[in-house]
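In our numbering, the protein residues as written are 22 to 140.
#1: If you reduce the DSSP assignment to three classes, tell me which class residue 31 lands in.
#2: Please identify the residue among 92, 88, 97 whose C-alpha is closest to the C-alpha of residue 49.
#3: Which of the three DSSP states is assigned to residue 62 in this structure?
#4: Are the beta-carbon atoms belonging to residue 84 and residue 47 less than 8 Å from one another?
#5: According to the neighbour-count rule (16 or more other Cβ atoms, all chains shown, within 10 Å of its Cβ), is residue 52 buried or exposed?
#6: Excluding five sequence neighbours on each side, which residues of the same chain lie with their C-beta closer than 7 Å to the C-beta of residue 24?
#7: Work out the CA separation of residue 57 and residue 27 for me, nearest whole Å.
Structure below.
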């Protein structure tokens, strides 16, 4: 894996970590492909095909899922940026509403002067 090369790129650290994670997923996919190929030699085609091929089918499924994930990770950045912006906006709204609520509580706890009494 080109970790040293990726780490020297002029990107934010989170982006570099995302690129390294994508390479790690790809490497994992390759390793699973090797295990799947090795499992094909163990499958008993003439006898109990269903019983001996479960592991091979699982490796095949995981390999395909990781390959699809690795392929689509770069396109997910725009969705993540939009999600993060919405989340921060809602957190800011919550913080503003909580501070407004606290301000109202303080005003109410101090009490208001009764009518007919001087301030």
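Just so it is clear, CB atoms sit at the ideal spot from N, CA and C, and this is done for glycine as well.
To lay it out plainly:
#1: coil
#2: The shortest C-alpha separation from residue 49 is found at 88.
#3: In this structure, residue 62 counts as coil in the three-state DSSP scheme.
#4: Between residue 84 and residue 47, the gap from beta carbon to beta carbon reaches 8 Å or more.
#5: The residue is exposed, with fewer than 16 neighbouring Cβ atoms inside 10 Å.
#6: 41
#7: 29 Å
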